[in-house]
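In UniProt numbering, the protein residues as written are 1 to 172.
All residues carry an ideal CB built from backbone N, CA and C; glycine is no exception.
The structure presented is a predicted model; accordingly, all values stated were derived computationally and were not measured.
Here it is as structure tokens:
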């Protein structure tokens, strides 16, 4: 496969994954697999939720495509790379930024990311399989952009650094 074809295949797969994610979320997760996805819509004290098992499906699909397409670097390899790239972005945007599952990226001043966060919060207002809106990850309805641009961005406040006992004793 030529380099331009590989780039086009990866990019098309990445962009296509947004539709796949929207479709699966809307009709499968909020449909027959609600019993697994429900854990993502209700508060719970657990670090992991049943919904996390969906990562295994997409991760396995991507890994299999990469492994079986590796010898020839054929379309399977580049489709697997596109799925992996989307999954990586999904993890950082959805799990880290929106849900704060890792605490290193809490808030953003970027209007797009703020709009995306607002849309996702609206999706989670419903705790049943019915009544949700905004099922995609990267596509955000224009109304949330308008809200994000109207609402002031969060201010960044730096907390004073804690002084260690060694620094206190050493006079540093």
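Express the C-alpha separation of residue 148 and residue 72 in angstroms, rounding to a whole number.
-> 46 Å
Contact check, residue 50 vs residue 36 under 8 Å by CB: the rounded distance?
-> About 5 Å; that satisfies the 8 Å criterion.
Classification of residue 47 by the beta-carbon crowding that lies within 10 angstroms, buried from 16 upward | exposed
Out of 109, 83 and 38, point me to the one whose CA is closest to residue 56's CA.
-> 83
So, is residue 110 buried or exposed, given that buried needs 16 or more other C-beta atoms within 10 angstroms?
-> Exposed.
Boundaries (first-last residue) of the alpha helix (DSSP H) holding residue 67 | 53 to 69
Going by beta carbon distance, what residues of the same chain come within less than 6 Å of residue 85, once the five residues before and after it are set aside?
-> 14
Looking only at its own chain, which residues have a Cβ that is under 8 Å from the Cβ of residue 70, when we skip the five neighbours before and after it?
-> 77
Measure the alpha-carbon distance for residue 61 versus residue 18 and round it to whole angstroms.
-> 16 Å
Candidates 4, 2 and 11: which alpha carbon is nearest residue 80's?
-> Looking at 4, 2 and 11, the one whose alpha-carbon comes closest to that of residue 80 is 11.
For the alpha helix (DSSP H) that contains residue 121, what are its first and last residues?
-> 111 to 123
Would you identify the three-state DSSP class for residue 19, choosing helix, strand or coil?
-> helix
If you check the beta carbons only, do residue 136 and residue 21 fall under 8 Å apart?
-> Closer than 8 Å, so yes.
8 Å CB neighbourhood of residue 123 in its chain, flanking five on each side removed | 132, 133, 134 and 135
Considering only C-alpha positions, which residue in the set 114, 125, 34 and 3 is nearest to residue 146?
-> 114
Got a sec? Which residues, its chain only, sit under 6 Å from residue 26 by beta carbon, not counting five neighbours each side?
-> 135
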